[in-house]
Amino acid sequence: MNFPLIMLLIYTGRKTAAMVWEICNPSTGQSVILPKMKSRKRTGATSFFGYDPTEKQFKVLSMFITKNGISNEHQVLTLAPTGKLSVRIIECSIPHCPQSPGICINGVLYYKSSPNWSSEVDGIMCFDVRSETFRFVRVMEPFIRAVHPRATLINYNGKLASVMSTQSYNYIDEKSIGFVMYVVQDLEKQKWSKHNYELTHLREYGVAMLLFAGVTVAGEIVLLPKYPSSPFYVFYCSLERKSIRRVEIQGMGGFKQVYTFVNHVEDVKLMQTF
1024 MNFPLIMLLI
1034 YTGRKTAAMV
1044 WEICNPSTGQ
1054 SVILPKMKSR
1064 KRTGATSFFG
1074 YDPTEKQFKV
1084 LSMFITKNGI
1094 SNEHQVLTLA
1104 PTGKLSVRII
1114 ECSIPHCPQS
1124 PGICINGVLY
1134 YKSSPNWSSE
1144 VDGIMCFDVR
1154 SETFRFVRVM
1164 EPFIRAVHPR
1174 ATLINYNGKL
1184 ASVMSTQSYN
1194 YIDEKSIGFV
1204 MYVVQDLEKQ
1214 KWSKHNYELT
1224 HLREYGVAML
1234 LFAGVTVAGE
1244 IVLLPKYPSS
1254 PFYVFYCSLE
1264 RKSIRRVEIQ
1274 GMGGFKQVYT
1284 FVNHVEDVKL
1294 MQTF
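In structure tokens form, the structure reads like this:
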């Protein structure tokens, strides 16, 4: 079984155009440091990571941000299967302000956006990784909370979804009574399904500030502490079984920050060679 590459984002100083991306394979130890995205304008920058499953290409979409938060000067860096890098400038005819981390599902990169910094988030920007084109979908009532500033976009069984605590937090703690998840059935037609999950059993563990890390292939929502601790527990919430399980990860006490990559699978062939 093949495994996906893992992306690490490393900031050099402040969040500016001088950002360095490193793509690494944790199983083989191979890594590629991508070049800095350059702009003549002294503006901030936002970058997203995507994958084109048809051409099997990894791409980094970077956009430079004006003072009012509008994205401009969009660039795409492509990492071909051969390892060759190429950078080009693309056009975006939809002025917008990126308002969340991106998530790539089946060759489409999604992130929340608004008209500018001072406006509320009102929709989802969709970037087709293969064609390198943008489209914007405005989210309407009664599903507007799916793009709430504190909602987290996730991949739920191959569909775009949004999850947030019932207290409108982007995290779960011992006082939380549950969370709500909106799953896209048809984004263009504004068809969403809404799922509520109660966390009555979570109070028994006395947890503090759990973040939504993603979803496993088994459909379990992964929650993990924002800060490393000893013992360090990861929680798996199953919507279908209405259950929650806790798994201890040992050796995490010495770390200051944890990055989680859900569904990384080791290549058995590579393991047999060692």
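Plus 1023 on top of the position in the sequence shown (first one is 1) and you've got the working numbering.
Yeah, the Cβ is synthetic: ideal placement off N, Cα and C, and Gly gets one too.
In this text the structure is predicted, and so the values were computed from the model without any measurement.
Please return the same chain residues whose Cβ sits closer than 8 Å to the Cβ of residue i, not counting the five positions on each side in sequence.
i, result
"residue 1054", "1045, 1046, 1047, 1048"
"residue 1130", "1073, 1074, 1075, 1076, 1077, 1151, 1152, 1153"
"residue 1094", "1069, 1086, 1087, 1088, 1115, 1118, 1119, 1120, 1121"
"residue 1178", "1126, 1128, 1184, 1237, 1238"
"residue 1106", "1055"
"residue 1189", "1199, 1200, 1201, 1202, 1203, 1219"
"residue 1163", "1213"
"residue 1356", "Beyond the ends of the chain as shown, which are 1024 and 1297, falls residue 1356; an answer cannot be given."
"residue 1193", "1173, 1174, 1175, 1187, 1234, 1235"
Please list, in chain order, all residues of the same chain as residue i whose beta carbon is under 7 Å from its beta carbon, the five residues on each side excluded.
i, result
"residue 1260", "1220, 1243, 1244, 1246, 1267"
"residue 1269", "1228, 1256, 1258"
"residue 1139", "1091, 1092, 1093, 1120"
Since residue i and residue j should fall inside the 8 Å C-beta cutoff, what is the C-beta to C-beta distance between them, to a whole number of angstroms?
i, j, result
"residue 1069", "residue 1086", "6 Å"
"residue 1006", "residue 1232", "Nothing about residue 1006 can be read from this structure; the chain reaches only from 1024 to 1297."
Who are the Cβ neighbours of residue i in its own chain at under 6 Å, not counting the five residues just before and after it?
i, result
"residue 1217", "1205"
"residue 1174", "1185, 1187"
"residue 1281", "1251"
"residue 1081", "1074, 1102"
"residue 1230", "1197"
"residue 1271", "1254, 1256"
Once DSSP output is grouped into helix, strand and coil, what is the label at residue i?
i, result
"residue 1227", "helix"
"residue 1284", "coil"
"residue 1093", "coil"
"residue 1101", "strand"
"residue 1232", "coil"
"residue 1108", "strand"
"residue 1246", "strand"
"residue 1086", "strand"
"residue 1148", "strand"
"residue 1238", "strand"
"residue 1274", "coil"
"residue 1252", "coil"
"residue 1069", "strand"
"residue 1078", "coil"
"residue 1045", "strand"
Here's the rule I'm using: 16 or more other beta-carbon atoms within 10 Å means buried, otherwise exposed. How should residue i be labelled?
i, result
"residue 1274", "exposed"
"residue 1114", "exposed"
"residue 1240", "exposed"
"residue 1215", "buried"
"residue 1181", "exposed"
"residue 1147", "buried"
"residue 1265", "exposed"
"residue 1169", "buried"
"residue 1096", "buried"
"residue 1208", "exposed"
"residue 1135", "buried"
Exercise for the section: With a floor of 3 residues, list each beta strand (DSSP E) that falls wholly inside the stretch 1155-1217, ordered by position along the chain. Expected result: 1156-1161, 1175-1179, 1182-1188, 1201-1209
Exercise for the section: Enumerate, from N- to C-terminal direction, the unbroken alpha helix (DSSP H) stretches of 4 or more residues contained entirely within the stretch 1110-1145. Expected result: none
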